[in-house]
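**Q** Dumping the structure here so I can ask a few things about it.
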Amino acid sequence: MADEHSTSVRRALSLANAGMGVAGSYLGYALQRAFLGEADRDRKLKATHTRAARRMANEMKTLRGAAMKFGQTLSLQTGTFPDEMLAELASLQMSAPPMHATLVRAQFKQSLGAQPEEIFRQFADEPFAAASLGQVHHAVTNAGKQVAVKIQYPGIRQSLANDFSMFRTLTKAAQASGHIPRTAIDEVEQQILAETDYRKEADNIDFFQQQLAPLSFVAVPRVVREYSSDKVLTMSLMKGQHLDDFLARRPSQKLRNELGERLFELFYFQLLKVEALHADPHWGNYLFTNDAGISLVDFGCAKYMSQATVSYLRSGFLYPGSTRSPEFRRLLEKYYEDEGRELPPATRKALIRFAENFYRKVYPPNADPQAAFDFGDPQFLKDFLTASKELFRTKGVLSELIFMARAEMGMYQTLHRLKARVRTSELVRKYL
Amino acid sequence: MKAALALFQTRGFDATTTKAIARKAGIAEGTVFNYFKSKDDIALHFFEQEVDQAMAAVRDNPRLRKAPLEEKLFALVHAQLEYLAPYERFIGAAMIHALRPSSPLGPFSHRAMELRHRYLRFVEELIAESLPEKDNVFGFLAPEVFWIYYMGALLYWLYDSSPGKQHTLAFLDRSLSLGAAMLRQGKQYGR
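Now the structure itself:
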């Protein structure tokens, strides 16, 4: 069974790779990011020669994108991916290459109608950060304000549209058999294409600016709309360091705890109050300041949760009764009903086991309010991974649940690296 | 100039007369001859402008002095295309055809050859600046190849219907990066 279909998908991927756009295959890179482990990606990146590529390589490690969602939806529906497919994905080309100053200027002029010097008092020729579809430059406005200017590599949206139609054609067989669901491709195309329009990201930034105002320790950029377009995004420069640099300064346990609790609080505030996440809570999307402040960056893949999901989370978090009770079962069934789906028994059982083997331990419902969970102990990560694997092996896990699992994973990894001790139940209860 | 280019496009270069150009531009035929010797002169003048201003843009730009080869070449070709942009509607494949290396001899093609040599010498200088070692295996080929590359890029640009010619920008960047990488490789084999 697996052989025939995995062959057709494998063939589709290699043919697709051969024919995909001049700018390289972003789809390929997106898939690559979704499925390759850290080790493979590192190995592939070390093989590149140019200085610019090497500089970008470090940034690439922290990037996430709509690709994660593609990976989530695919792996959910089709079970585990065959090794040959992973190998095929590993050979696909990276896209969104670095841009030299002349290309940046040409792209800027084409999009905003003027050279950077005509618009800004100062504009750095070399980028200071990579972005999934382009790169980010420092600039100073005529009013003296420090800004970050994100510029997209040319032709990506057009290439993507072509890549997706080719991908659809080449994977017809796999679609027919259900190995690659048609809806998953549509969903992902929407998400990735949305990422190519920086105006959507600007809208996301404005939204989170407003919504996260109650959290004093969170800083969100301000968009400068008059110098922004679908391919150029100008926003205030955020202060802080990435996690690696922050940890290198050997912060105290007190600072780590404070930061950990704030990250944790930010996550649940977003889920339960804002009902949206600014990004995959991977450490690449945050900057940390010395006073435990958190700056948010990269709003390209903001996720807006469904009402059904939020209700489910509100009723499920810190569930006081037994997870084996008919009431808890009803809770799960209702969620699926609200999403118009049926809850398969295997999935239901896996969800219950997840609650028992992981959530009960990390978020004990009847804990002492001052009890802190130590995220430095690696056991919890292992429990999480085991429970998730078991869950994803069943068919019929809602894509929102997969997304939630990935999002939590990102946060748990960050908390683990911080070795933070967090009053988990207390903080969740605050926003229930 | 625009009138001439419009007629070259619709009627073809050969069928266009200076009389027709004058009529379309709304001036006396004699006035045309005050500025240009013939229609060949007009077409060639147009291309000379394009090439000369692009070379000046690259040569006179202090920022490009330390830039890698692919960036200098990108700046050159991009400057050429920016010059041509307002006349895009009027430039036809036929005109570009007139600039091909194997044009028959005649005053027009002679000057065209001179223009081509001037341009390729400039490209050769740029390559030599960036890859100064003497034994460059592909070095002697590169300028000639570059002329054909330029014509290909021009055609690509003409037929590029993507918004803001995004595809052309990406095409130029990717192909020049590849080309420069090949030249660097070639250097090693030369030794």
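Residue numbers (this note's numbering), protein chains in the order written: chain C, 1 to 432; chain P, 1001 to 1191.
The C-beta atom is built at its ideal place from N, Cα and C for all residues, glycine as well.
Over the uninterrupted beta strand (DSSP E) stretch that includes His138(C), give me the two end residues.
**A** Sequence index remark: in the first sequence, residue 138(C) carries index 138 (1-based). Note, His138(C): beta strand (DSSP E), 134–141.
**Q** Please list the partners that Ala101(C) has in chain P, where partner means a Cβ-to-Cβ separation under 8 Å.
**A** Indexing the first sequence from 1 puts residue 101(C) at position 101. Per Cβ cutoff of 8 Å: Arg1063, Ala1067, Glu1071.
**Q** List the residues of chain P that Gln107(C) touches, going by C-beta distances under 7 Å, in chain order.
**A** Here residue 107(C) corresponds to residue number 107 of the first sequence, with the count starting at 1. Near Gln107(C) (Cβ distances below 7 Å), the residues of chain P are Leu1169.
**Q** Using C-beta distances below 8 Å, list every residue in its chain close to Glu258(C), excluding the 5 sequence neighbours before and after it, in chain order.
**A** Counted from its first residue, the first sequence places residue 258(C) at position 258. Answer for Glu258(C): Ala292, listed in chain order.
**Q** Can you give me the Cβ contacts of Leu331(C) inside the same chain, cut-off strictly under 8 Å, excluding the 5 residues immediately before and after it?
**A** Walking along the first sequence from the start, residue 331(C) turns up at place 331. Hits under 8 Å: Tyr312, Ser315, Gly316, Tyr319.
**Q** Mind checking Asp244(C): buried by the 16 CB within 10 Å criterion, or exposed?
**A** Residue 244(C) sits at position 244 when you count from the first residue of the first sequence. Per the 10 Å Cβ criterion, exposed.
**Q** For Phe1193(P), would you say it is in contact with chain C, using Cβ-to-Cβ distances shorter than 8 Å as the test?
**A** In the structure displayed, chain P extends from 1001 to 1191; residue 1193(P) sits before or after that span and is not available.
**Q** Please list, in chain order, the chain P residues whose beta carbon lies closer than 8 Å to that of Gln110(C).
**A** The residue you call residue 110(C) lines up with position 110 of the first sequence. Chain P residues near Gln110(C): Gly1164, Lys1165, Gln1166, Leu1169.
**Q** Going residue by residue through the region 199–265 of chain C, where are the continuous beta strand (DSSP E) segments of at least 3 residues, counting only ones entirely within it?
**A** For the region 199–265 of chain C, whole beta strand (DSSP E) runs of length 3 or above, ordered along the chain, are 232–236.
**Q** Out of Lys231(C), Phe120(C), Arg182(C), Met166(C), which has the shortest C-alpha to C-alpha gap to Leu133(C)?
**A** One-based indexing of the first sequence puts residue 133(C) at position 133. Closest option to Leu133(C), Cα to Cα, is Lys231(C).
**Q** For the region 142–165 of chain C, which residues have a CB atom closer than 9 Å to at least one CB atom of chain P, in sequence order?
**A** Within the region 142–165 of chain C, the qualifying residues are Tyr153, Pro154, Gly155, Ile156, Arg157, Gln158, Ser159.
**Q** Any idea what DSSP makes of Arg1089(P), helix, strand or coil?
**A** If you number the second sequence from 1, residue 1089(P) lands on position 89. Three-state DSSP puts Arg1089(P) in a helix.
**Q** Looking only at its chain, what residues have a beta carbon closer than 6 Å to the beta carbon of Ala420(C), apart from the 5 residues adjacent to it on each side?
**A** For the purposes of this step, residue 420(C) is taken as residue 420 along the first sequence, with counting starting at 1. So the qualifying residues of the chain are Arg256, Asn257, Gly260, Phe375.
**Q** What's the C-alpha gap between Ser165(C) and Ser306(C)?
**A** Taking the first residue of the first sequence as position 1, residue 165(C) is located at position 165. Taking the first residue of the first sequence as position 1, residue 306(C) is located at position 306. Roughly 28 Å between the two C-alpha positions.
**Q** Identify the continuous beta strand (DSSP E) that holds Ala131(C) and give its terminal residues.
**A** For the purposes of this step, residue 131(C) is taken as the residue at position 131 of the first sequence. 129–131 is the extent of the beta strand (DSSP E) around Ala131(C).
**Q** Grab the span of the beta strand (DSSP E) containing Leu296(C) for me, first residue to last.
**A** In the first sequence, counting from the first residue as 1, residue 296(C) sits at position 296. 294–296 is the span of the beta strand (DSSP E), which, as asked, contains Leu296(C).
**Q** Using DSSP with H/G/I as helix, E/B as strand and the rest coil, what is Leu398(C)?
**A** Here residue 398(C) is taken as the residue at index 398 of the first sequence, counted from 1. It is coil, neither helix nor strand.
**Q** Closer than 9 Å between beta carbons: that is the criterion. Which residues of the region 1107–1121 of chain P meet it against chain C?
**A** Under the 9 Å Cβ criterion, the region 1107–1121 of chain P contributes no residue.
**Q** Can you round the beta-carbon distance between Ser388(C) and Ala405(C) to whole angstroms, since I take them to be within the 8 Å contact cut?
**A** The residue you call residue 388(C) lines up with position 388 of the first sequence. The residue you call residue 405(C) lines up with position 405 of the first sequence. Indeed, because the Cβ distance is near 5 Å, the residues count as touching under 8 Å.
**Q** If distances are taken between C-alpha atoms only, which option among Glu126(C), Arg105(C), Gln110(C) comes closest to Pro116(C)?
**A** The sequence position of residue 116(C) within the first sequence is 116, counting from 1. Minimum Cα distance to Pro116(C) is reached at Arg105(C).
**Q** Do Ile1127(P) and Leu1183(P) count as a contact pair if the criterion is CB distance below 8 Å?
**A** For the purposes of this step, residue 1183(P) is identified with residue 183 of the second sequence, where counting begins at 1. For the purposes of this step, residue 1127(P) is identified with residue 127 of the second sequence, where counting begins at 1. Yes, the pair counts as a contact, with Cβ atoms nearer than the cut-off.
**Q** For a test of the three-state rule: what should DSSP assign to Gln122(C), helix, strand or coil?
**A** Position 122 of the first sequence, counted from the start, is the residue given in the question as residue 122(C). Strand at Gln122(C).
**Q** Residues in the same chain with beta-carbon distance under 7 Å from Val428(C), minus the five sequence neighbours each way, listed in chain order, please.
**A** Translated into positions along the first sequence, residue 428(C) becomes position 428. Within the same chain, Val428(C) has close Cβ partners Tyr268, Phe317, Leu318, Tyr363.
**Q** What residues are listed by DSSP as bridge partners for Arg421(C)?
**A** One-based indexing of the first sequence puts residue 421(C) at position 421. Per DSSP, Asp374(C).
**Q** Along chain C, in chain order, which residues have C-beta atoms closer than 8 Å to that of Asp1060(P)?
**A** In the second sequence, residue 1060(P) corresponds to position 60, counting from 1. Within chain C, no residue comes near Asp1060(P); the closest Cβ sits about 14 Å away, beyond 8 Å.
**Q** Quick check on His1045(P) - is its C-beta less than 8 Å from some C-beta in chain C?
**A** Mapped onto the second sequence, residue 1045(P) falls at position 45. So, not an interface residue.
**Q** Are Asn204(C) and Phe299(C) closer than 8 Å when you measure CB to CB?
**A** Position 204 of the first sequence, counted from the start, is the residue given in the question as residue 204(C). Position 299 of the first sequence, counted from the start, is the residue given in the question as residue 299(C). Contact: yes.
**Q** Can you tell me whether DSSP reads Leu318(C) as helix, strand or coil?
**A** Stepping through the first sequence from its first residue, residue 318(C) is reached at position 318. Residue state, collapsed to three classes: coil.
**Q** Skipping 5 residues on each side, what residues in its chain have a beta carbon closer than 6 Å to that of Gln152(C)?
**A** For the purposes of this step, residue 152(C) is identified with residue 152 of the first sequence, where counting begins at 1. Here the set comprises Leu133, Gly134, Lys231.
**Q** Could you tell me the distance, in whole angstroms, from the CA atom of Ser1175(P) to the CA atom of Ala161(C)?
**A** On the second sequence, residue 1175(P) is found 175 positions in, with the first residue counted as 1. On the first sequence, residue 161(C) is found 161 positions in, with the first residue counted as 1. Each residue's Cα considered, the two are about 21 Å apart.
**Q** Is Leu247(C) near Arg417(C), with beta carbons less than 8 Å apart?
**A** Position 247 of the first sequence, counted from the start, is the residue given in the question as residue 247(C). Position 417 of the first sequence, counted from the start, is the residue given in the question as residue 417(C). Closer than 8 Å, so yes.
**Q** Are there 16 or more other CB atoms within 10 angstroms of the CB of Gln72(C), so buried, or fewer, so exposed?
**A** Here residue 72(C) refers to the residue found at position 72 of the first sequence. Annotation note: pLDDT 40 at Gln72(C) (below 50); position unreliable, coordinate value reported separately. Buried.
**Q** Go ahead and pull the three-state DSSP assignment for Lys1066(P).
**A** By one-based count along the second sequence, residue 1066(P) stands at place 66. If DSSP states are grouped into helix, strand and coil, Lys1066(P) belongs with coil.
**Q** What number of angstroms, rounded off, separates the C-alpha of Tyr431(C) from the C-alpha of Tyr286(C)?
**A** In the first sequence, residue 431(C) corresponds to position 431, counting from 1. In the first sequence, residue 286(C) corresponds to position 286, counting from 1. Taking the straight line from one Cα to the other gives about 22 Å.
**Q** Compare the C-beta of Asp1040(P) against all C-beta atoms of chain C and say whether one is closer than 8 Å.
**A** Residue numbering aside, residue 1040(P) sits at position 40 when the second sequence is read from its first letter. Chain C, which has no Cβ nearer than 8 Å to the Cβ of Asp1040(P), makes this no.
**Q** Who are the Cβ neighbours of Thr436(C) in its own chain at under 6 Å, not counting the five residues just before and after it?
**A** Here chain C covers residues 1 to 432 and nothing more, so residue 436(C) does not appear.
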